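Here is the structure we will look at, set down as structure tokens.
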Amino acid sequence: MSELHFDVVGCDGPKAYFGRLDRERIAHAYLFTGAPGVGKKSFARRLAQSLLCEAPKSGVLGYDGTCASCRLFAGSESARHPDFLEHTGVLKIGDSDAAMGFYEGEELTARDLVRQLSMQSYSGGLRVLLLGDIDFATHHAANALLKFFEEPPRGVILLLTSSTPGRLLVTIRSRLIELRFAALAQAQVREILLRMGYDDERAALGASLGQGSVTRAIAALGDDDASLRAQVAAWFFAVVEGRTPAEGWASRDALDEGLEVLKSLVRDWTALSAVSSEASLLAVDYGSELRALPAIATPDAFAILSKLDDAQRLARTNVSPQMVSEIVRMALTGAALTRSRETRSSRT
Ligand SMILES: [Zn+2]
């Protein structure tokens, strides 16, 4: 029997879950949740490869990497295995009598999927559908798939990933077995960046800025001033210094990510205020700006961090991004007001 691999960095919880499962007990639909960049889609692809691998095995996880099925998974992010369908992002309802297409990429619609998955497996085994960062364009698109989530055809396994599961219809979410992906360890982010071809120095910097997310690490390594991180930091320093920010940063796609950047800045600001200017920072690239800020009182800092947690929960619903950013701005301005009152009273 050939040796089996499951080459995914991190994802310990889901690995343990599927590691305990035998093939007969796998459910028909899973929802992988967790922050962007913690390995949800990578895990789902390797899980699909494991399920379709022809090497004999009793468990769920593991593939030999050499069989005909595995060869179809090799070499590229989007595998070309006929029994593996992957679609990322917004899913539209589609035309009710459009021609069938297998690898239409962005063009794949909810109705295409229903048609596709009612067909027979190519290899006579399972078929696996991965809907990454699932986002239904409309309720109609979601409803077109609802029946399919309720009664999937035999032999079909659905893998959905989302960093904002609160936006899914409850009727759909309740049909899925939800597994939470935790943030990666810094060393794991570094390892993934090295595998992606970053050199030692950049991988180490990205890992220290990424806070457990490869997506965030790569964004932080983006050197241009237009990067979300730079935009959010400029907004943050303007607000806490009592200036009017030149531009907002909050958009639907950037919201969760932007709030994480803000949290790291507030945590650093708190550490510098409460511990010492030698405190080790998350946002090492903004050290000098952070050290120039007046000290923040610890209770104020906790109040802001708790507002940021609230904002993050809201960000996973359909509340407008501008509203979320306004809540954060008010929390930051509130802290600034307390500080200026303290400064005044300490002077008198
Ligand atoms: Zn194989």
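In this note's numbering, the protein residues as written are 51 to 398. No residue lacks a Cβ here, since even glycine has one placed at the ideal position from N, Cα and C. Predicted model, so just to flag it, every value in this text is computed and none were measured.
(Q) Please report the straight-line C-alpha distance between Thr138 and Gln236, rounded to a whole angstrom. (A) The residue you call residue 138 lines up with position 88 of the sequence shown. The residue you call residue 236 lines up with position 186 of the sequence shown. If you take the alpha carbons of Thr138 and Gln236, they lie about 26 Å apart.
(Q) On the CB-based measure, 16 or more other CB atoms within 10 Å of its CB, does Val325 come out buried or exposed? (A) The residue labelled residue 325 in the question sits at position 275 within the sequence shown. Counting Cβ neighbours within 10 Å, Val325 comes out exposed, since fewer than 16 surround it.
Q. Below 9 Å between beta carbons: does that hold for Leu81 and Ser212?
A. Residue mapping note: residue 81 aligns to position 31 of the sequence shown, counting from 1. Residue mapping note: residue 212 aligns to position 162 of the sequence shown, counting from 1. In this structure, the beta-carbon distance from Leu81 to Ser212 falls below 9 Å.
Q: Less than 8 Å between the CB atoms is what I'm expecting for Cys61 and Phe93, so what's the real figure, rounded?
A: Position 11 of the sequence shown holds residue 61. Position 43 of the sequence shown holds residue 93. Confirmed, Cβ separation roughly 5 Å.
Q. Using the beta-carbon count (16 or more within 10 Å), is Phe198 buried or exposed?
A. For this step, residue 198 is matched to residue 148 along the sequence shown. Taking all protein chains shown into account, Phe198 has 16 or more neighbouring C-beta atoms within 10 Å of its C-beta and is therefore buried.
Q.
Since Leu331 and Leu340 should fall inside the 8 Å C-beta cutoff, what is the C-beta to C-beta distance between them, to a whole number of angstroms?
A. In the sequence shown, residue 331 corresponds to position 281, counting from 1. In the sequence shown, residue 340 corresponds to position 290, counting from 1. Correct: roughly 7 Å between the Cβ atoms.
**Q.** Distance between beta carbons of Leu209 and Leu167, contact taken as under 8 Å
**A.** The residue given as residue 167 occupies position 117 in the sequence shown. The residue given as residue 209 occupies position 159 in the sequence shown. At roughly 13 Å, the Cβ-Cβ gap does not stay under 8 Å, so Leu167 and Leu209 are not in contact.
(Q) In the DSSP assignment, the alpha helix (DSSP H) including Leu176 goes from what residue to what residue? (A) For this step, residue 176 is matched to residue 126 along the sequence shown. No alpha helix (DSSP H) contains Leu176, which DSSP labels as neither H nor E.
(Q) Please classify Gln261 as buried or exposed, where buried requires at least 16 neighbouring CB atoms within 10 angstroms. (A) Along the sequence shown, one-based indexing puts residue 261 at 211. Looking at its Cβ environment, which holds 16 or more other Cβ atoms inside 10 Å, Gln261 is buried.
Q: Throw me the rounded Cβ distance for the Leu102 and Phe134 pair, which I believe falls under 8 Å.
A: The residue labelled residue 102 in the question sits at position 52 within the sequence shown. The residue labelled residue 134 in the question sits at position 84 within the sequence shown. So it is a contact: roughly 6 Å between Cβ atoms.
Q | DSSP state of Tyr67 mapped onto helix, strand, coil | A | Start at 1 with the first residue of the sequence shown, and residue 67 comes out as number 17. In the three-state reduction of the DSSP assignment, Tyr67 falls in the helix class, which pools H, G and I.
Q.
Could you check whether the Cβ of Asp114 sits closer than 8 Å to any heavy atom belonging to ligand 1?
A. Numbered from 1 along the sequence shown, position 64 holds the residue referred to as residue 114. For ligand 1, at least one heavy atom lies less than 8 Å from the Cβ of Asp114.
**Q.** Ile227 in three-state terms, based on DSSP
**A.** The residue you call residue 227 lines up with position 177 of the sequence shown. Three-state DSSP puts Ile227 in a strand.
Q. Cα separation between Ala79 and Glu251?
A. Residue mapping note: residue 79 aligns to position 29 of the sequence shown, counting from 1. Residue mapping note: residue 251 aligns to position 201 of the sequence shown, counting from 1. Distance between Ala79 and Glu251, taken at the CA atoms: about 40 Å.
Q. Does the Cβ-Cβ distance between Arg279 and Val316 come in under 9 Å?
A. As a first step, residue 279 must be located in the sequence shown, where it is residue number 229. As a first step, residue 316 must be located in the sequence shown, where it is residue number 266. No.
Q. According to the neighbour-count rule (16 or more other Cβ atoms, all chains shown, within 10 Å of its Cβ), is Ile227 buried or exposed?
A. One-based indexing of the sequence shown puts residue 227 at position 177. Per the 10 Å Cβ criterion, exposed.
Q: Going by CA-CA distance only, name the one from Gly308, Leu234, Trp285 and Ala284 that's closest to Ala269.
A: Your numbering for residue 269 matches position 219 in the sequence shown. Considering only alpha carbons, the answer is Gly308.
Q) Just how far apart, CA to CA, sit Ala77 and Thr265? A) Translated into positions along the sequence shown, residue 77 becomes position 27. Translated into positions along the sequence shown, residue 265 becomes position 215. Straight-line measurement puts the Cα of Thr265 at about 29 Å from the Cα of Ala77.
Q.
Would you say the beta carbon of Glu104 is closer than 8 Å to some non-hydrogen atom of ligand 1?
A. Against the sequence shown, residue 104 aligns to sequence position 54. Indeed, a heavy atom of ligand 1 lies less than 8 Å from the Cβ.
Q) With distances taken from CA atoms, which of Tyr67, Leu243 and His55 is nearest Pro106? A) Sequence index remark: in the sequence shown, residue 106 carries index 56 (1-based). Closest in C-alpha terms to Pro106, from the list Tyr67, Leu243 and His55, comes His55.
Q) Quick one, which of Ser338, Ala283 and Arg293 has its alpha-carbon nearest Ala300's? A) As a first step, residue 300 must be located in the sequence shown, where it is residue number 250. In terms of Cα proximity to Ala300, the closest of Ser338, Ala283 and Arg293 is Ala283.
(Q) I need the boundaries of the alpha helix (DSSP H) containing Ile76, first residue and last residue. (A) In the sequence shown, residue 76 corresponds to position 26, counting from 1. First-last for Ile76: undefined, no H or E at that position.
Q. What first and last residue would you give for the alpha helix (DSSP H) that runs through Ser119?
A. In the sequence shown, residue 119 corresponds to position 69, counting from 1. Annotation: the continuous alpha helix (DSSP H) that includes Ser119 extends over Ala118 to Phe123.
Q: State buried or exposed for Arg121, treating a residue as buried only when at least 16 other CB atoms are found within 10 Å of its CB.
A: Against the sequence shown, residue 121 aligns to sequence position 71. It is exposed - the Cβ of Arg121 has fewer than 16 other Cβ atoms within 10 Å.
Q | Proximity of Val110 and Leu97 at Cβ, strictly below 9 Å | A | By one-based count along the sequence shown, residue 110 stands at place 60. By one-based count along the sequence shown, residue 97 stands at place 47. Yes, these two residues count as a Cβ contact at 9 Å.
**Q.** Ordered list of beta strand (DSSP E) runs contained in the segment 222–267, each at least 3 residues
**A.** With a minimum length of 3 residues, the continuous beta strand (DSSP E) runs that stay inside the segment 222–267 are 227–230.
Q: Would you give the residue range spanned by the beta strand (DSSP E) that Leu101 belongs to?
A: The residue labelled residue 101 in the question sits at position 51 within the sequence shown. In the DSSP assignment, Leu101 falls outside any beta strand (DSSP E) and lies within the alpha helix (DSSP H) extending over Lys90 to Leu102.
Q.
According to DSSP, simplified to helix, strand and coil, what is Tyr153?
A. Locating residue 153 in the sequence shown gives position 103, where the first residue counts as 1. Bear in mind that the predicted position of Tyr153 carries a pLDDT of just 41, short of 50, making it unreliable; the figure below should be weighed with that in mind. If DSSP states are grouped into helix, strand and coil, Tyr153 belongs with coil.
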